[in-house]
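Just so you know, the sequences run in chain order A and B.
Just remember that the working numbering sits 197 ahead of the position in the first sequence, which is counted from 1.
Just remember that the working numbering sits 4 ahead of the position in the second sequence, which is counted from 1.
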Amino acid sequence: SQQGEEDPQALSIQEGENATMNCSYKTSINNLQWYRQNSGRGLVHLILIRSNEREKHSGRLRVTLDTSKKSSSLLITASRAADTASYFCALGGAGGTSYGKLTFGQGTILTVHP
Amino acid sequence: DGGITQSPKYLFRKEGQNVTLSCEQNLNHDAMYWYRQDPGQGLRLIYYSQIVNDFQKGDIAEGYSVSREKKESFPLTVTSAQKNPTAFYLCASNVAGGFATDTQYFGPGTRLTVL
Numbered sequence: 198s199q200q201g202e203e204d205p206q207a208l209s210i211q212e213g214e215n216a217t218m219n220c221s222y223k224t225s226i227n228n229l230q231w232y233r234q235n236s237g238r239g240l241v242h243l244i245l246i247r248s249n250e251r252e253k254h255s256g257r258l259r260v261t262l263d264t265s266k267k268s269s270s271l272l273i274t275a276s277r278a279a280d281t282a283s284y285f286c287a288l289g290g291a292g293g294t295s296y297g298k299l300t301f302g303q304g305t306i307l308t309v310h311p
Numbered sequence: 005d006g007g008i009t010q011s012p013k014y015l016f017r018k019e020g021q022n023v024t025l026s027c028e029q030n031l032n033h034d035a036m037y038w039y040r041q042d043p044g045q046g047l048r049l050i051y052y053s054q055i056v057n058d059f060q061k062g063d064i065a066e067g068y069s070v071s072r073e074k075k076e077s078f079p080l081t082v083t084s085a086q087k088n089p090t091a092f093y094l095c096a097s098n099v100a101g102g103f104a105t106d107t108q109y110f111g112p113g114t115r116l117t118v119l
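Laid out in structure tokens, this is it:
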């Protein structure tokens, strides 16, 4: 099954800066989700954007989706040290045959220095 | 508290042994999932179940087995046939594996180490 390709693999920034992570994919999707994982813990859902949406906001998070380019980006504004984690994109309904399943990317490791 | 629990948090297995990882949810979710995560990697789907008494293989089902006898429980057995079982195992659930894929809720994970 297809997988989201994330870049960068790792991102290191200072507190207060913005962090941008990107996810690209190959086939059609129903939705795209972003999750966060603190080291050694489970994943926490951040935001879901459906294929007919172009942009979504939640607090300091902004997600865009460009279905023509098959890509999404996650922007975290005014980052904090507590944002340090791995961030994963997950493809929902990829290829139109996988409703109910998610396919995860490799993740971006974000480090925010105080 | 509502949520997903996994036990144990750490599990050590000797070569040739079967072990069972527990996953319980009290969210009244229909669908449940098992993923494997290797260091520095994303999640790979092992098995999933969209309804009681039914389950499907994911991308890496070989060497694993599951059951779904109750809505709230989805145990995963790692058998001796799994050649490289050392990994972090995550259980998740969501409302239903229907037309619009919804948010998945994750447990805290079980770290399995083969000695």
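Just so you know, even glycine gets a beta-carbon here, dropped at the ideal spot from N, CA and C.
On the criterion of 16 or more Cβ atoms from any shown chain inside 10 Å, does residue i qualify as buried, or is it exposed?
i: P89/B; result: buried
i: L271/A; result: buried
i: T119/B; result: According to the sequence shown, residue 119/B is Leu rather than Thr. It is exposed - the Cβ of L119/B has fewer than 16 other Cβ atoms within 10 Å.
i: K298/A; result: buried
i: V82/B; result: buried
i: F103/B; result: The pLDDT assigned to F103/B is 49, lower than 50, so where the model puts this residue is not dependable, and the model offers no usable value.
i: K267/A; result: buried
i: Q54/B; result: buried
i: Q234/A; result: buried
To which residues of the same chain is residue i closer than 7 Å at the C-beta, ignoring the five residues directly before and after it?
i: Q41/B; result: L47, A91, F92, L94
i: T9/B; result: E28, G111
i: G290/A; result: I226, N227, N228, Y296
i: H33/B; result: S97, N98, V99
i: R257/A; result: I273, T274, A275
i: E212/A; result: S276, R277, A278, V309, H310, P311
Taking the alpha-carbon of residue i as reference, which of the options has the nearest alpha-carbon?
i: S255/A; options: T308/A, I273/A, L208/A, N235/A; result: I273/A
i: A216/A; options: L299/A, G239/A, T300/A, D280/A; result: D280/A
i: D263/A; options: L243/A, G304/A, G239/A, K223/A; result: K223/A
i: R72/B; options: L116/B, Y52/B, Q86/B, G113/B; result: Y52/B
i: T305/A; options: Y232/A, Q211/A, E212/A; result: Y232/A
i: G20/B; options: L116/B, G113/B, R115/B, S84/B; result: S84/B
i: I244/A; options: T261/A, S236/A, T308/A; result: T261/A
i: Q230/A; options: L307/A, M218/A, S276/A; result: M218/A
i: L288/A; options: R259/A, R247/A, G237/A; result: R247/A
i: D106/B; options: K74/B, Q60/B, A35/B, V56/B; result: A35/B
i: G7/B; options: V56/B, A65/B, L80/B, L31/B; result: L31/B
i: Y120/B; options: K74/B, S69/B, K75/B; result: Since the first and last residues shown for chain B are 5 and 119, residue 120/B lies out of range.
Can you name, in chain order, every residue of its own chain whose Cβ lies under 6 Å from the Cβ of residue i, other than the five neighbours on each side?
i: S11/B; result: S26
i: L220/A; result: Here the sequence assigns Cys to residue 220/A, which means Leu is not the residue at that position. Contacts found: G201, E203, S269, C286, G302.
i: S77/B; result: E28
i: H242/A; result: Y232
i: V56/B; result: R72, K75
Considering only residues of the same chain and omitting the five flanking positions on each side of residue i, which have a CB-CB separation below 8 Å?
i: Q108/B; result: Y37, A96, S97, N98
i: L15/B; result: V23, L25, T114, R115, L116, T117
i: R238/A; result: none
i: I210/A; result: A216, S276, L307, T308, V309, H310
i: Q60/B; result: Y51, Y52, S53, Q54
Would residue i pass as a contact of residue j if the rule is Cβ separation under 9 Å?
i: D58/B; j: I50/B; result: no
i: H310/A; j: A278/A; result: yes
i: Q45/B; j: G67/B; result: no
i: L307/A; j: S276/A; result: yes
Does the contact criterion of 3 or more C-beta pairs under 8 Å hold for the stretch 241-256 of chain A versus the stretch 22-37 of chain B? no
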